[in-house]
Amino acid sequence: VSEMTEHEVDDVEEKTAVDKYNRGAADLDKVNTFDDGGDDIRGMGANLKLEEAAPKQKIVTVKPEDLKMIMDEFELPQVRVEAALITNDGDVKATIRSLMGF
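Counting from 1 along the sequence shown, just add 522 to a position and that's the residue number in our numbering.
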């Protein structure tokens, strides 16, 4: 067995010390990257609060004959007439009044 110089002994001791600390750092990385899914649960709670705060939209049935009649008589685009009918809950009389400005 060959004898090591003092410099070589220092290098081996230093390498052993560095390996010891690197092993601890690798274990620490494993601990830091653990994900328990807690963020997902918090996000779901926020979504539920938003859904509760948002007003529920009513379902309004727009009859095609009402839509066509108002479009033909007032010469308005379908999108505008649909929006007016939805705003007035499908009531034709109220829709005509709102379109006329009354």
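Here a beta-carbon is modelled for each residue, glycine too, at the ideal position from N, C-alpha and C. Computed from a predicted model, the values in this text were never measured in an experiment.
- Straight-line spacing of the CA atoms in D613 and L598 works out to 17 Å.
- The beta carbons of I618 and V582 sit about 16 Å from each other, so the pair does not count as a contact at 8 Å.
- Judged by DSSP in its simplified three-state form, Q600 adopts helix.
- By the beta-carbon neighbour count (other beta carbons within 10 angstroms, threshold 16), A605 is exposed.
- The beta-carbon distance between M593 and V603, rounded to whole angstroms, is 5 Å. This is short enough to meet the 8 Å contact definition.
- Across the structure, L621 and F596 are spaced so that their CA atoms are roughly 9 Å apart.
- Here the alpha carbons of F624 and A616 stand approximately 9 Å from one another.
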